[in-house]
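Working notes for the structure below.
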Amino acid sequence: MNNSKDLEKMIPLNVHSDNKNLYLENLKKITKDTGKLFLFAGDQKIEHLNKDFYGKDISSQSADPEHLFKIANSGYVGCFATQLGLISKYGNDYKNINYVVKLNSKTDLVQTKQSEPMSSLLNTVQDVVDFKQSSALSIVGVGYTIYLGSEYESAMLAQASRIIYDAHKNGLIAILWIYPRGKAVKNELDPELIAGACGVGVCLGADFVKINNPGKEYLTNCVKAAGRTGIVLAGGKHKDSEIFLEELYEQVNKFKISGCAIGRNIHQKDLDNAVRFCKAIYGIIYENIILNDAKNYLKE
Amino acid sequence: MNNSKDLEKMIPLNVHSDNKNLYLENLKKITKDTGKLFLFAGDQKIEHLNKDFYGKDISSQSADPEHLFKIANSGYVGCFATQLGLISKYGNDYKNINYVVKLNSKTDLVQTKQSEPMSSLLNTVQDVVDFKQSSALSIVGVGYTIYLGSEYESAMLAQASRIIYDAHKNGLIAILWIYPRGKAVKNELDPELIAGACGVGVCLGADFVKINNPGKEYLTNCVKAAGRTGIVLAGGKHKDSEIFLEELYEQVNKFKISGCAIGRNIHQKDLDNAVRFCKAIYGIIYENIILNDAKNYLKE
Amino acid sequence: MNNSKDLEKMIPLNVHSDNKNLYLENLKKITKDTGKLFLFAGDQKIEHLNKDFYGKDISSQSADPEHLFKIANSGYVGCFATQLGLISKYGNDYKNINYVVKLNSKTDLVQTKQSEPMSSLLNTVQDVVDFKQSSALSIVGVGYTIYLGSEYESAMLAQASRIIYDAHKNGLIAILWIYPRGKAVKNELDPELIAGACGVGVCLGADFVKINNPGKEYLTNCVKAAGRTGIVLAGGKHKDSEIFLEELYEQVNKFKISGCAIGRNIHQKDLDNAVRFCKAIYGIIYENIILNDAKNYLKE
Amino acid sequence: MNNSKDLEKMIPLNVHSDNKNLYLENLKKITKDTGKLFLFAGDQKIEHLNKDFYGKDISSQSADPEHLFKIANSGYVGCFATQLGLISKYGNDYKNINYVVKLNSKTDLVQTKQSEPMSSLLNTVQDVVDFKQSSALSIVGVGYTIYLGSEYESAMLAQASRIIYDAHKNGLIAILWIYPRGKAVKNELDPELIAGACGVGVCLGADFVKINNPGKEYLTNCVKAAGRTGIVLAGGKHKDSEIFLEELYEQVNKFKISGCAIGRNIHQKDLDNAVRFCKAIYGIIYENIILNDAKNYLKE
Amino acid sequence: MNNSKDLEKMIPLNVHSDNKNLYLENLKKITKDTGKLFLFAGDQKIEHLNKDFYGKDISSQSADPEHLFKIANSGYVGCFATQLGLISKYGNDYKNINYVVKLNSKTDLVQTKQSEPMSSLLNTVQDVVDFKQSSALSIVGVGYTIYLGSEYESAMLAQASRIIYDAHKNGLIAILWIYPRGKAVKNELDPELIAGACGVGVCLGADFVKINNPGKEYLTNCVKAAGRTGIVLAGGKHKDSEIFLEELYEQVNKFKISGCAIGRNIHQKDLDNAVRFCKAIYGIIYENIILNDAKNYLKE
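Okay, here's the thing in structure tokens:
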């Protein structure tokens, strides 16, 4: 859909003039020149602790953190998002991955009914910039989670704004995970709230916002609310791969959703099946393949 | 009412001597040499989420964030106030707008009865100064909301004071939104409280204070309490345009209110009607036109 | 009582050697070479909002913030204490006033029974130093309020200590407002607590402490507890001017109180009466006039 | 198991290039070229106050803090972890010890049911780097405790991440103590939570994580979850030394646990017995000796 | 007991090499070459407000803050500890006193049952270093109070650690006041807790720890727990001077306590009696005089 010239128009004005080329290059890397995004989310070892990586219907390969890197290394994801610490441990063996550093993470031990959700910065954008240089890894962007409606919302909006400003200044892509959560939020999947989250994302200057799927009939509403910020949908709990692809195909092609940001649906598979699944998603998002061709990747 | 020489007298003493001309230029830009102000408020995508932009009696054009920029680009507003992030996404296509960067914003998900209101800084004045230079946009000032009577009031007064000091130092106009809110506030529209808010505004050194309308009989009281700080009235929920103009006309001409700071009443209209409405307001505030001429803009 | 040589002995040891002359000059300015102090307190537009400036028995002139400057400009006060923001708006027209920048202020909306009192810094001492230089105003000192007995007392003691240290370093006079307040304080006017407040003041290194009047029989106790820190008494609600002068005369001449720090009793009068009243106070504190001569100023 | 070449592969990517040799040297020092770790934990004088050092079944030698240094000085531990302050008092007489500076510590006076656990930084990594240089001690790393599941978890994750980043940058080994604790944690020894803690450790980039023993059947799970981060088991309350060695032997040789991090089981013995015990542990972890040889150290 | 060579061994390793001589000199000054300490505590005007200085059985001289300086100036105390602010007001007339700057202080208005105790820093060590230089006073060290067992304990441990590190770096002696206090502390005088406080003191690297007297039978335990950190006992409420000396004599000579840190027992006497009392204490702690000689000072 986009070409390089279109992508150039997507460079935000807070990218420092010296870093406009770098930003554009990063945008091309993770969108494969399309403006769309397939983000492989790998921050769950903190967010969900061990339960996503071990148990019934989960490949035993998933228990090893390196599994995530092996999948990302296949070349069939736009970028791989995880914590800087984890990257520091494995990155030396996986230099071809486009990394997005997930800057905040919390466990799910303390539940909303006990205490309002807040997730603090593990690293600053400056850390990322320094780490990028010293590691020579292809670090293309940063990610940050906001819990909209939490009593700590104001602090998280402030941190998100700071991060996006600093990321853009340094030529990095900025991606927000925005989830309505807190005592004030009766229904975390309320489609009007999710559309509101999209609006918050563009007001903060995010390049992409990861949201929970508000339901097919509300996708257009979200795309409009997000304006020039791309929307990528979270995968949620493991679901049937073919159904996932059908839904994704429709989201991207009919509703102009920018892509998806998923983790469990990929890494809970063994490496071979995970890569096949990535190929299918990659094809739909980046290569405009038809649904059947995508499904065929699962079976090859 | 004012001329340039009068405006010069309005330069606060904390404007750095190197930036006095810049401040004066900014003041002229947003007041069109009159000392009065028509501020188009566009921070609601965070403040009110999606409900202001979508629904019954709202133009479908309002759903797209770009609608705000198209209206502001008409040339018939004094300035357009919104978040830096949003400006970074659209500013490149809208270089003629006079921008006021709204420095704090929160959603309305957490209500006062649950938790005292607090709205943190999304960006610093230094960010704005840097962004202004790197973007070459016409950024003329900054805005900040204080919830007077909140248990976090003291923190917000401190931030507001910091921002105004830094803004003036750098030649930028400083505008406060002051709303009484919190458990301690029985009636957010209590006219005595609103007059108090005006006094707080001038003590913090604000150039303009946006307040809710305390009622016609209390406007003079507010203007006195604000002293050398101009008062602009919020628009609130959508109301009939003609009635709005009649009220504005009286506020400005009879009660010496400096103007208005409105959003929903403008952007919920389609572009054509929104611009007509802006023309009418622009005429009343900046051009001293008579009420009928203003109303005629609505019908042309 | 003092002469310049005595004043020299009052220079605290934390005044930077380069600024000893400046400190001495400031001390002379506000004490008129006497070591005593008549402070005109003008921070109530934040502290008390509009109710001190408008209503029954209040001159209509009081509604305009400029009224405060006109009174201070009469030359019959030692110094005028108000917020930096307000000074920035009017100072250019009132260059002969000796200003004390009141560094913190809060409204009285949130009452002690709802939330423990805390008043944050609106500006730093460095801001004041910079503002003094850029404005060329005669800024002679800074003021800060501590609520002793509040659960936030520790934070306020720390800020007060910081401010006094920085003020002295830069040659500025440091004045504390110390009021016992909070759930732990059964009686805000308990004379033992007020004497304690005086001791806190000298331990923090304040030059003057503004306290509420503990009652005639306790003044000596307070003066002793304060040691080398001068005590000035707050005026409180409006009272009969002649009675005020009688009390002041006794406080200064019999009990060795350093003077007074009052606002409402002055600014709620019209300009003429306010200046007469200031002349009378000025005479008692700085010129050793007899009570009848002071009273005569009210009638001239 | 490892040789130097293997150890080189363990250097995290956030070690500054100038400090890679230093990091490697430190890693060799504490792992004796094996990649495994015997950490002598000596932070209990703050963590447990005096009760670990005085009482029934505790050698009277344990009461003197120097006891810890005498044991560590025997040469039969990989490293000795304690607070910088304590090191500053005794280090000059114990220059051959490899020190790990424990950066945070709290007492156990305030229990979880009263207040959620939080342990703040006593020193920064920069303090450690400076202290290392000025003291010329062999300081090889830093340690930090996280209470996973505390309402302050997010703040501790952020501090831990900061510390690890800074430690690695400066060539220091980074070790986390991770204990599930807080109202949200029903069972602090829940093996699934402990496995989750291991995953958190590797995501933060820790080199080693000290955990409580989840039970034999869960060790493999933990080792997998930790990936490239080594696991060392806490000793807990004093237990029979022979049983301890049997368990350790199995943990290291059968379950690939990296070693142990213990305190009370060592320092509550007199010096002679403490050193014998250390020799046995040292042999198992670093020298691959058989269990009987280890047990013989206890009897020699 | 000690000689200079012994004192040299007491220099902590975090004293910067350039400041080792300065530290040693300060240590000699306050211990009179003995390693022991008589600290005159004068921070009560904030800690206890006015009640320690005025009332039954208190010399009327005590009401004047200068009384403290006159006593310290007698030359018969090791050092005088009070707030920097108070020193700034009187120090110019009392240049021969060895000052310890008490860095934090709070009043006792808010009681533990209302709110957990927390005492914030009034000044930083850098302030003290700067003040020492500009005032040319003999400032030999700093003091800080920790409330062990408070919910704010972690913050105070962190501040204490910071202060000790910075003090030592700059050649200053670091003294902790450690008092168990807070809802979690059932008995503030529990001897096991007090022994624990001694252990905390040495782990933070303090040179001396001021504790409440745990009772004669527990002193040895405390001395052991403190290791290389000296213990000085608080005096508490006024008691009979002869009994005080008898107890002190036994504490120092039999139980190897390093000395005492007292205020009220001294300053509530008139100057003559206060100095006699100081001479007696000075003799016991620094000059190894016998008890009767000490008692004779009281009567001379």
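Residue numbers (this note's numbering), protein chains in the order written: chain A, 1 to 300; chain B, 301 to 600; chain C, 601 to 900; chain D, 901 to 1200; chain E, 1201 to 1500. Just so you know, even glycine gets a beta-carbon here, dropped at the ideal spot from N, CA and C. Quick caveat: nothing in here was measured; it's all calculated off a predicted structure.
Take D/GLY1099 and list the residues in its own chain whose beta-carbon comes closer than 6 Å to its own, dropping the five residues that flank it on each side. Excluding sequence neighbours, D/GLY1099 sits near ALA1125.
With burial defined as no fewer than 16 other Cβ atoms inside 10 Å of the residue's Cβ, what is the status of A/ILE46: buried or exposed? Buried is the label assigned to A/ILE46, since at least 16 other Cβ atoms lie within 10 Å of its Cβ.
Buried versus exposed, by CB contacts within 10 Å (16 or more), B/ILE584: buried
By the criterion of Cβ-Cβ separation under 9 Å, what are the contact partners of B/GLY505 in chain C? GLN683, LEU684, GLY685, LEU686, ILE687, SER688, LYS689
Minimum Cβ-Cβ distance from C/ILE646 to chain B less than 7 Å: yes
I want to verify the contact list: residues of chain D whose CB lies under 9 Å from the CB of A/LYS237, in sequence order. Result: empty, since nearest Cβ-Cβ is about 18 Å, beyond 9 Å.
Per-residue DSSP class, three states only, for B/SER438: strand
CB contact flag (A/LYS279, A/TYR76, <7 Å): Taking 7 Å as the Cβ cut-off, A/LYS279 and A/TYR76 qualify as a contacting pair.
Measure the beta-carbon distance from D/ASN921 to D/ILE1073 and round it to whole angstroms, keeping in mind my assumption that it falls under 8 Å. With 8 Å as the limit, D/ASN921 and D/ILE1073 do not qualify as a contact, their Cβ atoms being about 14 Å apart.
Can you find a CB in chain D that lies within less than 7 Å of the CB of E/ARG1428? yes
Proximity below 7 Å, CB of E/SER1288 to CB of C/GLY805: Pairing E/SER1288 with C/GLY805 gives a Cβ-Cβ distance under 7 Å.
Simplified DSSP state of B/PHE544, which is helix, strand or coil: In the three-state reduction of the DSSP assignment, B/PHE544 falls in the helix class.
CB contact check: E/TYR1365 to chain D, cutoff 7 Å: At a cut-off of 7 Å between beta carbons, E/TYR1365 contacts chain D.
Can you tell me where the alpha helix (DSSP H) holding A/VAL200 begins and where it ends? 191 to 203
Could you check the C-alpha separation between C/MET756 and E/LEU1321 for me, to the nearest Å? 11 Å
Taking 7 Å as the CB-CB cut-off, is B/ASN350 touching chain A? yes
What distance in whole Å lies between the Cβ atoms of C/ASN812 and C/TYR779, which are believed to be in contact at a cut-off of 8 Å? 7 Å
List the residues of chain D that E/HIS1368 touches, going by C-beta distances under 8 Å, in chain order. Result: SER988.
Reduced DSSP category for B/ILE531 - H, G, I as helix; E, B as strand; rest coil: strand
Which of the three DSSP states is assigned to B/LYS510 in this structure? strand
Using 7 Å as the limit for Cβ to Cβ distance, is D/LEU913 near chain A? yes
Give the single residue among B/ASP540, B/ASN553, B/GLU550 whose Cα lies nearest to the Cα of B/ASN573. Taking only the C-alpha atoms, the option nearest B/ASN573 is B/ASP540.
Anything in chain A within Cβ reach of D/VAL1102, meaning under 8 Å, just list it in chain order. LYS45, PRO65, GLY85, LEU86, LYS89
Does the structure place the segment 32 to 45 of chain A close enough to the segment 251 to 260 of chain A that three or more beta carbon pairs sit under 8 Å? yes
Could you list which residues in chain B have their beta carbon closer than 9 Å to that of C/TYR654, in chain order? GLU492, ALA495, ASN521, LYS524, ALA525
Helix, strand or coil for B/GLY449 per DSSP? coil
Buried or exposed for B/ASN314, going by 16 or more other Cβ atoms inside 10 Å? So B/ASN314 counts as buried.
Could you check what DSSP says for A/VAL100 in three-state terms: helix, strand or coil? strand
Which residues bound the alpha helix (DSSP H) around B/LEU368? Residue range 366 to 372 is occupied by the alpha helix (DSSP H) that includes B/LEU368.
When DSSP builds the beta bridges, which residues end up paired with D/GLY1159? Beta-bridge annotation (DSSP): D/GLY1159 is paired with D/LEU937, D/VAL1132.
Just mark B/GLN383 as buried or exposed, buried being the case when its beta carbon has 16 or more other beta carbons within 10 Å. B/GLN383 is classed as buried because its beta carbon has at least 16 other beta carbons within 10 Å across all chains shown.
Can you tell me whether C/THR820 is helix, strand or coil according to DSSP? helix
Can you list, in chain order, the residues of its chain with a C-beta nearer than 6 Å to that of C/ARG876? Leave out the 5 residues immediately preceding and following it. If the five residues before and after C/ARG876 are omitted, its C-beta is found closer than 6 Å to the C-beta atoms of TYR897, LEU898, all from its own chain and listed in chain order.
Got a sec, what are the start and stop residues for the beta strand (DSSP E) E/LEU1376 sits in? 1373 to 1380
Proximal residues, the segment 132 to 162 of chain A versus chain B, C-beta separation under 7 Å: LEU148, GLY149, GLU151, GLU153, SER154, ALA155, LEU157, ALA158, SER161
Just verifying my parser: in three-state terms, what is the DSSP assignment at E/GLY1483? helix
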